[in-house]
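Number of protein chains: 2
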Amino acid sequence: MRLSTRGRYAVRALLDLTLHMEQGYVSLQAISQREDISLHYLEQIFHKLKKQNIVKSKKGLGGGYLLAEDAKEISIGDVIRAVEGPIAPVYCLDEKCAKGKCPREKNCVTHQLWKRLEERMEGFLDSVSLDQLKEEANTIKSLQDIKAGCQK
Amino acid sequence: MRLSTRGRYAVRALLDLTLHMEQGYVSLQAISQREDISLHYLEQIFHKLKKQNIVKSKKGLGGGYLLAEDAKEISIGDVIRAVEGPIAPVYCLDEKCAKGKCPREKNCVTHQLWKRLEERMEGFLDSVSLDQLKEEANTIKSLQDIKAGCQK
DNA sequence: GTATTTCATTCTTTTTTAGTAGGATTTTAT
DNA sequence: ATAAAATCCTACTAAAAAAGAATGAAATAC
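Protein chains in written order, with my numbering: chain A, 1 to 152; chain B, 1 to 152.
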């Protein structure tokens, strides 16, 4: 039941982007260095994010990425789905790929179980936005600054 | 974010066991046929289930498996953990294997995010018991029987 | 003693993951 | 114009994990 690194990296990278985009386009170069994630790998991840309209880009010197929408409108669920596909914990819940393939399909007790699990997971992941993570990150940073001040 | 087949098979096989254990020990042979799961694979799965004390076994002719405790006491979470290990959606939440390895560890916004997701998942999976699934299975069966009766 | 069953380990195949490599294209600064 | 900085795009590869097969031993009922 693990998230892949793609999913984790995507969330971390987008949080980094959210925290730094006030000064304009953010390059993957910069994210790569701050977050210690391979540049090539980030490119692939952002390729998917762009296709799902989560980020927009600008080429050339001084270019990079920005969020395509307000950070309040982008949920962690959106991000995970963009880079990993459906959150479905079992393939038979993924309608596109398993339509009619499961011999049990109807009247399957475990099917319903996984369905409810999926609803819980999506319910949570869709309830958290990048903006919320940004706020949390800022709160943590403030606390650290205060702490550093006291130690001086 | 997929469950492995081990986890799904384990739940299905144990539900099958729960539904059939009133007549005594249930052989993997029988489960294998009813659920269409490879016998060898079931053996491996039940090996893990036994180590975690979820089932008990009897060798030899007429042998097989029984639940080690009352079906009310065994949660789906227990089953998944027994065959797949911790439900942790990211490795840094799995204390045994990642203690101190994550450079962010403290003050990591995404770490907290995954922690909360984990709590949701475990909260749900631990709230459902094999006995509950059994009841649901019986309800579905009754409905089907009624339907079949009407069509005659 | 034979058939049936679990027990335990090892091996193999397939799939997925996690990246690497390399070049093409676009844009901007000078 | 040109060089540098960025995205874009596709293909490739190595490692790990998942899925399951194979094998043989041990226990038990009849």
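All C-beta atoms in this analysis are idealised placements derived from N, C-alpha and C, irrespective of residue type, glycine included. Note that this is a predicted model, so its numbers are computed, not measured.
Of the residues the options, the one placed nearest residue i, counting alpha carbons only
i	options	result
aspartate 126(B)	Ala71(B), Leu61(B), Tyr41(B) and Ser57(B)	Ala71(B)
valine 128(B)	Phe124(A), Arg116(A) and Gly123(A)	Arg116(A)
glutamate 119(A)	Pro89(A), Ala148(A), Leu130(A) and Gln132(A)	Pro89(A)
phenylalanine 124(B)	Asp145(B), Gly77(B), Val83(B) and Ala148(B)	Gly77(B)
glutamine 44(B)	Met21(B), Thr5(B), Glu22(B) and Gly63(B)	Thr5(B)
glutamate 122(A)	Leu143(A), Leu19(A), Arg34(A) and Ile87(A)	Ile87(A)
glutamate 136(A)	Asn53(B), Val109(B) and Gly63(B)	Val109(B)
glutamate 69(B)	Leu130(B), Ala148(B), Ala30(B) and Ser142(B)	Leu130(B)
glutamine 23(A)	Gly63(A), Glu35(A) and Arg12(A)	Gly63(A)
leucine 19(A)	Gln132(A), Leu113(A) and Trp114(A)	Gln132(A)
arginine 12(B)	Met21(A), Glu35(A) and Leu113(A)	Leu113(A)
Buried or exposed by the 16-neighbour rule on C-beta atoms within 10 Å, applied to residue i
i	result
cysteine 150(A)	exposed
threonine 139(B)	exposed
isoleucine 80(A)	buried
isoleucine 146(A)	exposed
leucine 14(A)	buried
leucine 61(B)	exposed
alanine 10(A)	buried
Residue i versus residue j - alpha carbon distance
i	j	result
tyrosine 41(A)	tyrosine 65(B)	47 Å
cysteine 97(A)	arginine 2(A)	Residue confidence is low: cysteine 97(A) scores 46 on pLDDT, short of 50, so the model does not pin down where it sits. Its coordinate-derived value is still stated next. Answer to the nearest angstrom: the Cα atoms are 20 Å apart.
isoleucine 74(B)	leucine 28(A)	48 Å
glycine 7(A)	serine 142(B)	43 Å
cysteine 92(A)	histidine 111(A)	8 Å
glutamine 33(A)	glycine 85(B)	33 Å
asparagine 53(B)	phenylalanine 46(B)	10 Å
methionine 21(A)	glutamine 144(B)	58 Å
glutamate 35(B)	alanine 148(B)	23 Å
Beta bridge counterpart(s) of residue i as assigned by DSSP
i	result
lysine 72(B)	DSSP, once it has assigned bridges, lists no residue as partnering lysine 72(B).
tyrosine 65(B)	Val26(B) and Ser57(B)
serine 129(B)	Ser75(B)
Cβ distance (whole Å) where residue i is taken to contact residue j below 8 Å
i	j	result
leucine 39(B)	valine 55(B)	Contact doesn't hold; Cβ gap of about 16 Å is too wide.
lysine 48(A)	alanine 82(A)	6 Å
tyrosine 25(B)	lysine 58(B)	5 Å
leucine 17(A)	isoleucine 37(A)	That belief does not hold up - the Cβ atoms of leucine 17(A) and isoleucine 37(A) are roughly 12 Å apart, past 8 Å.
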